[in-house]
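Per numbering that gives the first Met the number 0, residue 0 is the first one in the sequence shown, and the count goes up by one each step.
To start, the structure under review is shown below, and the notes come after it.
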Amino acid sequence: MTTTNRDINEYIKAKKLVIGSKIVLKGAKRGDLQKVVRANNCPETINRDLKHYAKLSKLEIEDFNGDSKQLGEMCGKPFNILMIGVKK
0 MTTTNRDINE YIKAKKLVIG SKIVLKGAKR GDLQKVVRAN NCPETINRDL
50 KHYAKLSKLE IEDFNGDSKQ LGEMCGKPFN ILMIGVKK
């Protein structure tokens, strides 16, 4: 299932959206997230860490069909976003 703009808006309204690779990785370590959406230009080192934590906490990883600039625009932010997480 792909995350749409409507899904992201609903997550923002429900205060379930976590923005930024550092915060998302912390949430993945703790098992606080149910899903992560990452931009297609996410660096390999961050991808490797995310895959490791996802395996441990059974986290769903979704690839966004666009770069970090497009993901930022989709979230309504004026900056680039490498990944977003959805809280449980």
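From the three backbone atoms N, C-alpha and C, an ideal C-beta is built for every residue, glycine too.
Original post:
By how many angstroms is the C-alpha of G65 removed from the C-alpha of D31?
Top reply: Position 32 of the sequence shown holds residue 31. Position 66 of the sequence shown holds residue 65. Rounded to the nearest angstrom, the two C-alpha atoms are 25 Å apart.
Original post:
From this set, T3, D6, L81, which residue's C-alpha is nearest T44's C-alpha?
Top reply: Residue 44 sits at position 45 when you count from the first residue of the sequence shown. Among T3, D6, L81, the Cα nearest to that of T44 is on L81.
Original post:
Which stretch, first to last residue, makes up the alpha helix (DSSP H) that contains D48?
Top reply: To locate residue 48, count along the sequence shown from 1; it is residue 49. For D48, the enclosing alpha helix (DSSP H) starts and ends at 43-56.
**OP:** Select from R5, A27, N46, N4 the residue whose C-alpha is nearest the C-alpha of K86.
**Re:** For this step, residue 86 is matched to residue 87 along the sequence shown. Nearest in C-alpha terms to K86, of all of R5, A27, N46, N4, is A27.
Original post:
Can you tell me whether L55 is buried or exposed, with buried defined as 16 or more other CB within 10 angstroms of its CB?
Top reply: Here residue 55 is taken as the residue at index 56 of the sequence shown, counted from 1. L55 is exposed by the Cβ-count criterion.
Subject >> According to DSSP, residues forming a beta bridge with I18 >> reply: Counted from its first residue, the sequence shown places residue 18 at position 19. Listed as beta-bridge partners of I18 by DSSP are I83.
**OP:** Pick helix, strand or coil for K34, following the three-state DSSP scheme.
**Re:** To locate residue 34, count along the sequence shown from 1; it is residue 35. Correct three-state label for K34: strand.
Original post:
What is the DSSP secondary structure of D66, counted as helix, strand or coil?
Top reply: The residue given as residue 66 occupies position 67 in the sequence shown. It is coil, neither helix nor strand.
Original post:
Cα-Cα, which of L49, K34, K68 is closest to D6?
Top reply: By one-based count along the sequence shown, residue 6 stands at place 7. It is K34 whose Cα lies nearest to the Cα of D6.
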